[in-house]
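K.L.:
Just so we're aligned: the sequence shown equals residues -22 to -1, 1 to 297 in mature numbering (1 follows the signal peptide of the UniProt record, and there is no 0).
Right, I'll just put the structure down here and ask away after.
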Amino acid sequence: MTFTCPNIGLTLIAATLALSLAACSKKDDQPAATQVAVKVGSEEISVHQINQVLQRTNTAGATPEAVQKLSREVLEKLIDQQLAIDQATEAKLHRSPEVVAQIEAARRDILARAYLQKLTASLPKPSPEEAKTYIAAHPQLFAERRIYSLREIVVPPKAGTESVADQFRSLLAAGKTIDDIAAALKVQGIAFNSGNATRTAEQLPLDMLAQLASLKDGQSLVVEAAQSATLVTVVASQLAPVAEAMAMPRVEQFLANQRAGEAITADIKRLRSATPITYMGEFDSNSASSATATSKENAAPDPISKGPTAIEKGVAGLK
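Set out below in structure tokens:
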């Protein structure tokens, strides 16, 4: 039986150190009325601290012996952490501006996360019927899921001439292959990037997947973005369906994440509306609007190599 554990060394020493330093000089913050696992110098490490780390670790299916072994590993890392904290305190690092700023940033992050977790904790869980409805509505991710071998050509739009996307469509309509189109672009002196990629259905943007799913091997799709035009050809594809029973847990989790995201977005919007927010200096309203517009103009995502989509985060790995 296997289980996964985060990088305990880095997590404990890097992520928790800041908050530990904040209380290093407060003796009232010592573990109270809890079972002590070890004393490091004059400082105590409690069983409760070990359990807190274990709660953040996926031990599902682990045997009691494995959990006990992991507890020992966690304890040793906590000892290492305390030794580092002692040295940092002795060197008065907890008073340096940089560390103070990091402690404050950690405090803000913890409080914000705690509020959002409380906000989403009471949301109803998606029902099996909702998950089945989602699966039925997205056959390209499940019953008709495919693994795609893709080839792409990416060209930025050429101002003052026929759009490259229209050129792609015209050449495809004339029966030209992707190699023919690449050769035509070279003749015209139009710079472009090309590449090959293998992607499962869940690794593709959902809107793009809906179009790719209707293509046969050898057919192509033209995708237009703010700063690029992309020709995507399905070199080959292989059917790799996912059974409903296997998909259900992940789809339910995806729907739960989606519901939580929507609730958070709505609540933050409410809070923004109810709270006076005044941008100052270079971040005033005019500058902020300009920066937002510039950011949108500079966005040029690659349809194939873009980061994880919402679907990918929710159902990636369904095999």
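Glycine included, each C-beta is placed from N, C-alpha and C at the ideal position.
What you are looking at is a predicted structure, and each value in this text was computed from that prediction instead of being measured.
Look at the alpha carbon of Tyr112 and the alpha carbon of Ala179, and state the distance between them as a whole number of angstroms.
P.N.:
Using only the alpha carbons, I get a separation of about 15 Å.
K.L.:
Give me the Cβ distance between Leu101 and Ile242, rounded to the nearest whole Å; I'm assuming they're in contact under 8 Å.
P.N.:
That pair is no contact at about 10 Å.
K.L.:
Assess, as a yes-or-no matter, whether the stretch 232 to 252 is touched by the stretch 155 to 165 under the definition of 3 or more beta carbon pairs within less than 8 Å.
P.N.:
no
K.L.:
Any chance you could list the alpha helix (DSSP H) runs of at least 4 consecutive residues sitting entirely within the stretch 60 to 102, in chain order?
P.N.:
75 to 99
K.L.:
Between the C-alpha atoms of Val77 and Lys70, what's the straight-line distance to the nearest angstrom?
P.N.:
Straight across, the Cα-Cα distance linking Val77 with Lys70 is about 10 Å.
K.L.:
Can you check the stretch 212 to 249 for any beta strand (DSSP E) of at least 3 residues that lies completely inside it and give the ranges in chain order?
P.N.:
Fully enclosed beta strand (DSSP E) runs of no fewer than 3 residues are not present anywhere in the stretch 212 to 249.
K.L.:
May I have the straight-line CA-CA distance separating Gln216 from Arg34, to the nearest angstrom?
P.N.:
38 Å
K.L.:
Helix, strand or coil: how does DSSP classify Thr253 here?
P.N.:
coil
K.L.:
Taking Ile156 and Ile131 to be in contact with their CB atoms under 8 Å, please state how far apart those CB atoms are, rounded to whole angstroms.
P.N.:
6 Å
K.L.:
Identify which residue in Val229, Gly39 and Arg147 has its Cα closest to the Cα of Val201.
P.N.:
Arg147
K.L.:
CA-CA distance, Ala15 and Val25?
P.N.:
5 Å
K.L.:
Can you give the beta carbon distance from Leu187 to Gln118, rounded, assuming they're within the 8 Å contact cut?
P.N.:
5 Å
K.L.:
In terms of residue numbering, what span does the beta strand (DSSP E) encompassing Ser148 cover?
P.N.:
Per DSSP, Ser148 belongs to no beta strand (DSSP E); it is in the alpha helix (DSSP H), Val142 to Ala151.
K.L.:
Look at the alpha carbon of Ala223 and the alpha carbon of Leu184, and state the distance between them as a whole number of angstroms.
P.N.:
22 Å
K.L.:
With which residues is Leu56 paired in a DSSP beta bridge?
P.N.:
None, per the DSSP bridge assignment.
K.L.:
May I ask you to report which of helix, strand or coil DSSP gives Ser49?
P.N.:
helix
K.L.:
Note the first and the last residue of the continuous alpha helix (DSSP H) segment covering Thr35.
P.N.:
Careful: Thr35 lies outside any alpha helix (DSSP H) and carries neither H nor E.
K.L.:
Anyone know if the C-beta pair for Pro219 and Glu122 falls short of 8 Å?
P.N.:
yes
K.L.:
Roughly how many angstroms separate the alpha carbons of Val212 and Ser172, rounded to a whole number?
P.N.:
14 Å
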